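Novice: With positions in the sequence shown counted from 1, the corresponding number in the working numbering is that position plus 1.
Backbone N, C-alpha and C define an ideal beta-carbon position, used for all residues, glycine too.
The structure presented is a predicted model; accordingly, all values stated were derived computationally and were not measured.
Mind having a look at this structure? Questions to follow.
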Amino acid sequence: MTTIYRQRVSVRNSDTYRIKNPDYSNLSLTPNRTEAVSVVIPAMNEEKNIPYVLDALPRWIYECILVDGNSKDNTVRVAREVMPSIKVVRQTRRGKGNALACGFNAASGDIIVMLDADCSTRPDEIKLFVETLIETGADFAKGSRSLEGGGSADLTALRWLGNWALSKSVNVLFKTDFTDLCYGYNAFWADILPEFDLQVEPVDPFSTSPMLWGDGFEIETLLALRAASANLNIVEIPSVEDSRLHGRSNLNAFRDGVRVARTIRTEWKRRKRPIGQPQEVVVQNEKSEVA
């Protein structure tokens, strides 16, 4: 693979802009493009869903990385049967956040795309995320269910209200313009990974908790806030969220809402600390699983 060296665009985080009314027919992405795309899929006990996700992936992607959260079913075996070339990674701790961090660490492409294993995020939107990053010069592309052209079949009124309130709070504190803070369909250039400062080392075996801060569902908010704090160029893209195809979601509106609120507070304080400087670790005792 040839590494792509791109011109980074430096803008203030308040210059967040949006792409509306996507027209897939005008996008020029083809298998002959030189940008290598890595798709990272965290999964735990998703043997019934993963075949549909993998079958729908664009054939031009460079690699697909499945991060297994110690599945008790046949998720890994089924994934390998559907896509023999898939790269399987075992996460080092617990939770969706740790799974994504491990997947990012294993990715070797120029662009990294986050995709869920439950069929709620649409693989055919990868084309829009990738082409938007390439054509606009943005560093981080964030999906939004709230923009025109987006939507959700799974967002309850309570979750919508909480997401709206949290998004407004972040926009005031971080001077951003997010419309859908808590949505986890994102893509970004691999060269900005150091800005996220994610840790993948196994937890101390004598610890009282198998999780560290950022290991749970708060990862989706954490990535957006760290991108904003680093003054990266962020673009929002309309995205449609479908309902989970099989099984039940591990999301809990109240518990995860509190976790996101804590993330906002923690990341607000973290803005005053240089990247790489030791951070006080907040250990989570809640049980959390990979989506």
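If you measure between the beta carbons of L55 and M84, is that distance less than 7 Å?
Specialist: As a first step, residue 55 is located in the sequence shown; it is residue number 54 there, counting from the start. As a first step, residue 84 is located in the sequence shown; it is residue number 83 there, counting from the start. In this structure, M84 lies closer than 7 Å to L55 by Cβ.
Novice: Between the alpha carbons of V38 and E136, how many angstroms are there, rounded?
Specialist: Position 37 of the sequence shown, counting from 1, holds the residue named residue 38. Position 135 of the sequence shown, counting from 1, holds the residue named residue 136. Each residue's Cα considered, the two are about 15 Å apart.
Novice: Taking only the alpha-carbon atoms, compute the straight-line gap between S147 and N172 and give it to the nearest angstrom.
Specialist: Numbered from its first residue, the sequence shown carries residue 147 at position 146. Numbered from its first residue, the sequence shown carries residue 172 at position 171. Answer to the nearest angstrom: the Cα atoms are 15 Å apart.
Novice: Any contact of the stretch 123-140 with the stretch 175-193, i.e. 3+ C-beta pairs under 8 Å?
Specialist: The answer is yes - the stretch 175-193 touches the stretch 123-140, with three or more Cβ pairs under 8 Å.
Novice: My output table needs one value for W61: the three-state DSSP class, helix, strand or coil.
Specialist: Here residue 61 refers to the residue found at position 60 of the sequence shown. Correct three-state label for W61: coil.
Novice: What are the start and end residues of the beta strand (DSSP E) that includes G144?
Specialist: Here residue 144 corresponds to residue number 143 of the sequence shown, with the count starting at 1. Looking at the DSSP string, the run of the beta strand (DSSP E) that includes G144 is F141 to S145.
Novice: Less than 7 Å between the C-beta atoms of D119 and R245, yes or no?
Specialist: Counting from 1 along the sequence shown, the entry for residue 119 is found at position 118. Counting from 1 along the sequence shown, the entry for residue 245 is found at position 244. A contact, by the Cβ cut-off of 7 Å.
Novice: Here's the rule I'm using: 16 or more other beta-carbon atoms within 10 Å means buried, otherwise exposed. How should R91 be labelled?
Specialist: Position 90 of the sequence shown, counting from 1, holds the residue named residue 91. Burial call: exposed.
Novice: For L223 and T93, what's the separation of their Cα atoms in angstroms?
Specialist: Residue mapping note: residue 223 aligns to position 222 of the sequence shown, counting from 1. Residue mapping note: residue 93 aligns to position 92 of the sequence shown, counting from 1. Between L223 and T93, the C-alpha separation is close to 19 Å.
Novice: Given a threshold of 16 other Cβ atoms within 10 Å of its Cβ, counted over all protein chains shown, does K176 qualify as buried or as exposed?
Specialist: Taking the sequence shown and counting its residues from 1, one reaches residue 176 at position 175. Answer is exposed; the Cβ neighbour count stays below 16.
Novice: From N71 to N46, what does the alpha carbon distance come to, in whole angstroms?
Specialist: For the purposes of this step, residue 71 is taken as the residue at position 70 of the sequence shown. For the purposes of this step, residue 46 is taken as the residue at position 45 of the sequence shown. Near 8 Å, if we compare the C-alpha coordinates of N46 and N71.
Novice: Cα-Cα, which of D111, S145, E36 and A262 is closest to P243?
Specialist: Stepping through the sequence shown from its first residue, residue 243 is reached at position 242. Residue 243 is actually Asp in this sequence, not Pro. Taking only the C-alpha atoms, the option nearest D243 is S145.
Novice: How is P85 classed by DSSP in three states: helix, strand or coil?
Specialist: Stepping through the sequence shown from its first residue, residue 85 is reached at position 84. Looking at P85 - three-state DSSP - the assignment turns out to be coil, as it is neither helix nor strand.
Novice: Using DSSP bridges, identify the partner residues of F189.
Specialist: Sequence index remark: in the sequence shown, residue 189 carries index 188 (1-based). Its beta-bridge partners are I113 and F141.
Novice: How is R271 classed by DSSP in three states: helix, strand or coil?
Specialist: The residue you call residue 271 lines up with position 270 of the sequence shown. In the structure shown, R271 sits in a helix (DSSP, three-state: H, G or I).
Novice: Can you tell me which of the three DSSP states L182 falls into?
Specialist: By one-based count along the sequence shown, residue 182 stands at place 181. Of the three classes helix, strand and coil, the one that applies to L182 here is coil, per DSSP.
Novice: Within 7 Å (strictly less), CB to CB, does A139 reach chain C?
Specialist: In the structure shown, chain C does not exist; there is a single protein chain.
Novice: Between which residues of its own chain and I42 is the CB-CB distance below 6 Å, once the five residues before and five after are set aside?
Specialist: As a working note, residue 42 is residue 41 in the sequence shown. Counting only Cβ-Cβ distances below 6 Å, and skipping sequence neighbours, we find L67, L116 and A118.
Novice: Return the CA-CA distance between F105 and V114, expressed in angstroms with no decimal places.
Specialist: For the purposes of this step, residue 105 is taken as the residue at position 104 of the sequence shown. For the purposes of this step, residue 114 is taken as the residue at position 113 of the sequence shown. Taking the straight line joining both Cα atoms gives about 9 Å.
Novice: To the nearest angstrom, how far is it from the Cα of C65 to the Cα of I193?
Specialist: Position 64 of the sequence shown, counted from the start, is the residue given in the question as residue 65. Position 192 of the sequence shown, counted from the start, is the residue given in the question as residue 193. Roughly 19 Å separates the two Cα atoms.
Novice: Report all residues from its chain with a CB closer than 6 Å to the CB of T122; omit the five preceding and five following residues, and keep chain order.
Specialist: Your numbering for residue 122 matches position 121 in the sequence shown. Correct list, in chain order: L116 and Y186.
Novice: Can you find the residues in the same chain that come closer than 6 Å, C-beta to C-beta, to G98, ignoring five residues on each side of it along the sequence?
Specialist: Your numbering for residue 98 matches position 97 in the sequence shown. Counting only Cβ-Cβ distances below 6 Å, and skipping sequence neighbours, we find G215, D216, G217 and I220.
Novice: Output the distance between the C-alpha atoms of E237 and T180, rounded to the nearest integer angstrom.
Specialist: To locate residue 237, count along the sequence shown from 1; it is residue 236. To locate residue 180, count along the sequence shown from 1; it is residue 179. Looking at the two C-alpha atoms, the distance is approximately 8 Å.
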